[in-house]
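K.L.:
Under this note's numbering, the sequence shown has 1271 at position 583, and the numbering climbs by one with no breaks.
No residue lacks a Cβ here, since even glycine has one placed at the ideal position from N, Cα and C.
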Amino acid sequence: MCKVVDTKGKNDEPKQPEWPKNVMVFKPTDKVDDIKKRIKPTEDPSKTFELNGETKLTYVSDHHFSTKRYALLFAPGEYKDCQFEVGYYVQMAGLGKTAKGEGAVVFTGEKSGPFVPALNKDMPVTEGGSIDYPGSGLCLDTFWRSAENFSAENVQWAVSQAAPLRRTHVLNKVEFGDGGAYSSGGFFANADVEGECTYVANQQWFTRGVELGGNVAGGAWSTVFAGCTGNVPEASTSPLPKDKPLVTVESTPKVRVEKPMIVLNENGDYELHVPRATADPTLTVGAHLDGSNTEVRCFSNVKVGKPILHFDEDGNYAEIPDDEYNVLTDADKKLTLELQEALDEGKDLVLCPGIYFLTQPLVVKNPGQVVLGLGLASLIAPQDGSPCIRVQANTPGVRIASLVLEASKQDDSSVGSEYMNSDKVMSLIDFGEPDKTGTSDPGDPTNPGLLSDIFTRVGGSNLDRSVKTDVMVRIFSGNVVGDNLWLWRADHVRLRPGEEPNDPSINPRYHQVRIFEGGKRVDECMVKNALQVSGDNVTIYGLFAEHTVEDQVVWKGEHGHVCFFQCELPYDVDTDFNHTGYHVHQDVGVHTAKGLGVYSNFTQFSVVAAKGLSFPSLDLISIENPFTVFLNGKGGIKNVLHEGEEKIGDEVSKLNKLARGWIGTEQL
689 MCKVVDTKGK
699 NDEPKQPEWP
709 KNVMVFKPTD
719 KVDDIKKRIK
729 PTEDPSKTFE
739 LNGETKLTYV
749 SDHHFSTKRY
759 ALLFAPGEYK
769 DCQFEVGYYV
779 QMAGLGKTAK
789 GEGAVVFTGE
799 KSGPFVPALN
809 KDMPVTEGGS
819 IDYPGSGLCL
829 DTFWRSAENF
839 SAENVQWAVS
849 QAAPLRRTHV
859 LNKVEFGDGG
869 AYSSGGFFAN
879 ADVEGECTYV
889 ANQQWFTRGV
899 ELGGNVAGGA
909 WSTVFAGCTG
919 NVPEASTSPL
929 PKDKPLVTVE
939 STPKVRVEKP
949 MIVLNENGDY
959 ELHVPRATAD
969 PTLTVGAHLD
979 GSNTEVRCFS
989 NVKVGKPILH
999 FDEDGNYAEI
1009 PDDEYNVLTD
1019 ADKKLTLELQ
1029 EALDEGKDLV
1039 LCPGIYFLTQ
1049 PLVVKNPGQV
1059 VLGLGLASLI
1069 APQDGSPCIR
1079 VQANTPGVRI
1089 ASLVLEASKQ
1099 DDSSVGSEYM
1109 NSDKVMSLID
1119 FGEPDKTGTS
1129 DPGDPTNPGL
1139 LSDIFTRVGG
1149 SNLDRSVKTD
1159 VMVRIFSGNV
1169 VGDNLWLWRA
1179 DHVRLRPGEE
1189 PNDPSINPRY
1199 HQVRIFEGGK
1209 RVDECMVKNA
1219 LQVSGDNVTI
1229 YGLFAEHTVE
1239 DQVVWKGEHG
1249 HVCFFQCELP
1259 YDVDTDFNHT
1269 GYHVHQDVGV
1279 HTAKGLGVYS
1289 NFTQFSVVAA
1299 KGLSFPSLDL
1309 ISIENPFTVF
1319 LNGKGGIKNV
1329 LHEGEEKIGD
1339 EVSKLNKLAR
1349 GWIGTEQL
């Protein structure tokens, strides 16, 4: 039986919602050819090319900044020889209550189920290919896609950031790459792999709560494992050759909070399954695919939000016209108010695929509420500088998951409105409130808040490059868990119609974002910080933060815990840049961080950053396996880490591309 919550006397929602056109529901009785035909428009476009006298097929990245979004939902049962590519802004999700055994979505056949290959294999090195031989393609920007809750014989998932693979049973092999194509690194969680698990050429990769039954191999610089069981690699010890990746192992995570999911029950009704949080050491490890530690909520208490979709004259789902992207309408206001009304009634929100142009923040006021996106549902921040979502202080157990949060063009006439954050700082999401931190909003350790699969960005699809915010994510409440966050200031954005790329040597498909262009300051896609944490006892598993113009991460709360950090400093800052990838404030007394990597690729000026990471010089600051990498460009990072003002770790140079502060754990 599902749980019915008090919706304060308001109307129930349908248990069998009428999904919009871009949500596709498949059944085991459907013909495989019909399933593939329906999915085909959601896949990345493909083309053929000649290589060494052979005709090859490649998928290409033309949908990289598409405004179309899709969810592919599979009812429980068997799907034989049903293979499909998961494209940009596509989520594949099984609707079973488990990912293994009876009641699961099972893809049978050696090549069946979702996959992601390297893209653009037709591009030579001079046009953005990833390595020095043709046909390799690249996985460096296979972003914004996901697959979850299914079983398959083999899975290829050649992705980088914002492309999680979750709640999966793999009978044979899972492969996070495609031959020699470079990959930046990604996220794999809550899974059971009976065969080999290989990370191929990924720079960094994070694996959490996975049963590893076979050999584990691959990876370039760093692989981090948290709560994994079975054939877990041994943690690195010193000395470690430069050609061997760092291996960081957290055997027993502090806390586990899995992402909510949608289930189709035996009666054909939809349910929202909300896994309970646990700090029990026996439950924070392993796959746990049976759903036994889950609260089941009726869809009668779930508001299904539907965005405003665009269709062409033939009725086909279409892109949002460029001239409408920054124009708020009465329909946008009405939709925003409808979503807020549902939250005020105590209902959970499931947001269908699409783009929501918000006219005010969505404010979450009720403990335990869920806001869950489908199909990379994307919220565009209000144009007054207020956030997409604000969780009120002292509201424990709130779950925000599977959303893209994007900065907007600011309307100067509305900036500073009543909806702004109380401290007037612009953000994309605030968990808690600026004037209530520490003992004023300690949170609940038995029912922590959750940010899961949250992908923020400043720049991208919007042709207006004045989009901005101050901070992408701010956490003021205590006892909040982050689970796969990619916080991205765009380094590249869409080309305008007829516009030539400003640096085709990097990639001819995009405009490269710049603070300075042609000797003038243009301030494109500006944001100071990716993440600010002021709350105590905040834990993050899988943190990716990139390209902001000041410190990427600023941590002020006590007892913070981060397992896996990937960061690339901004390409386009000038020589005055004096910031770092990860900065723990000098007043913090207790902090733990594991598997931290910071890269440099300064393309415009010869910047010499003083350090990649910065921590106070205190006994209860514990850092494991920190490193920096010179990727390319000019200048570099001088030291891996500063302990207070003291330089710690090797210097980075072109002759020493990888610099490790130390192997293992150091108490600073």
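Please give the ranges of any alpha helix (DSSP H) in the region 992-1070, keeping only runs that are unbroken, at least 4 residues long and fully inside the region.
P.N.:
1018-1032
K.L.:
Taking DSSP as the reference, what is the three-state secondary structure of V720?
P.N.:
helix
K.L.:
So what's T1127 in DSSP terms, helix, strand or just coil?
P.N.:
helix
K.L.:
Does L745 pass the burial test, meaning 16 or more other C-beta atoms within 10 Å, or should it be called exposed?
P.N.:
exposed
K.L.:
Give the secondary structure of K728 by DSSP, where H, G and I count as helix, E and B as strand, and everything else as coil.
P.N.:
helix
K.L.:
Below 8 Å on the Cβ atoms is my contact criterion, and I expect I1399 with V1159 to pass it. Report the Cβ-Cβ distance as a whole number of Å.
P.N.:
Limits of the chain in this structure are 689 at one end and 1356 at the other, which puts residue 1399 out of reach.
K.L.:
Under a Cβ-count criterion, where at least 16 other Cβ atoms within 10 Å of its own Cβ denotes burial, should G817 be classed as buried or exposed?
P.N.:
Confidence at G817 is low in this model, with a pLDDT of 48, below 50, so the placement of that residue is unreliable and no value is reported for it.
K.L.:
Quickly, what does DSSP pair S1288 with across the bridge? List them, please.
P.N.:
Residue pairing by DSSP puts S1288 in a beta bridge opposite F1318.
K.L.:
Who pairs with H1180 in a beta bridge, going by DSSP?
P.N.:
Q1200
K.L.:
Using a threshold of 9 Å, state whether the C-beta atoms of S1115 and P1055 are closer than that.
P.N.:
No, these two residues do not count as a Cβ contact at 9 Å.
K.L.:
Between V1221 and the rest of its own chain, which residues show a CB-CB distance below 7 Å, the 5 nearest in sequence each way excluded?
P.N.:
Excluding positions up to five away in sequence, the list reads I1163, W1243, K1244, G1245, G1248.
K.L.:
Under a Cβ-count criterion, where at least 16 other Cβ atoms within 10 Å of its own Cβ denotes burial, should A905 be classed as buried or exposed?
P.N.:
exposed
K.L.:
Let me check understanding here. Comparing Cα to Cα, which of T895, Y887, I1194, V720 lies closest to H1180?
P.N.:
If we check each option's Cα against that of H1180, I1194 comes out closest.
K.L.:
Count the other C-beta atoms from every protein chain shown that fall within 10 angstroms of the C-beta of V1015, then say buried if there are 16 or more, exposed otherwise.
P.N.:
exposed
K.L.:
For T755, which residues in the same chain have their Cβ closer than 7 Å to its Cβ, ignoring the five residues on either side in sequence?
P.N.:
E1007, I1008, I1043, S1149
K.L.:
When you compare each of D1011, L960, G1085, A923 to T966 by their alpha carbons, which one comes out closest?
P.N.:
G1085
K.L.:
Just verifying my parser: in three-state terms, what is the DSSP assignment at S834?
P.N.:
strand
K.L.:
Three or more C-beta pairs under 8 Å: does that hold for the region 770-779 against the region 1021-1032?
P.N.:
no
K.L.:
Under 9 Å, do V1161 and T1144 count as touching if we go by C-beta distance?
P.N.:
yes
K.L.:
At a cut of 8 Å, does the region 825-841 reach the region 857-877 through at least three beta carbon pairs?
P.N.:
yes
K.L.:
Between which two residues does the beta strand (DSSP E) carrying W845 extend?
P.N.:
Neither: W845 is in no beta strand (DSSP E) and is coded neither H nor E.
K.L.:
Grab the span of the beta strand (DSSP E) containing N1150 for me, first residue to last.
P.N.:
From DSSP, N1150 is part of no beta strand (DSSP E); its letter is neither H nor E.
K.L.:
For E1420, is the classification buried or exposed, using 16 other Cβ atoms within 10 angstroms of its Cβ as the cut-off for buried?
P.N.:
Since the displayed the chain opens at 689 and closes at 1356, residue 1420 lies outside it and no answer follows.
K.L.:
Starting from the C-beta of V1317, find all residues in its chain whose C-beta is less than 7 Å away, skip the five residues before and the five after it, and write them out in chain order.
P.N.:
W909, G1285, Y1287, K1345, L1346
K.L.:
Is G817 helix, strand or coil when you go by DSSP?
P.N.:
With a pLDDT of 48 at G817, under the threshold of 50, the modelled position of this residue cannot be trusted, and the question is left open.
K.L.:
From what residue to what residue does the beta strand (DSSP E) around R1145 run?
P.N.:
1137-1146
K.L.:
Under 8 Å by Cβ, that's how I've got N1327 and A1298 pegged, so tell me the actual separation to the nearest angstrom.
P.N.:
7 Å between Cβ atoms; contact.
K.L.:
Buried or exposed: which applies to T743, given that a residue is buried once 16 or more other Cβ atoms fall within 10 Å of its Cβ?
P.N.:
exposed
K.L.:
Tell me the residue span of the beta strand (DSSP E) that contains P802.
P.N.:
801-803 is the extent of the beta strand (DSSP E) around P802.
K.L.:
Out of curiosity, what's the CA-to-CA distance linking L977 and V1272?
P.N.:
36 Å
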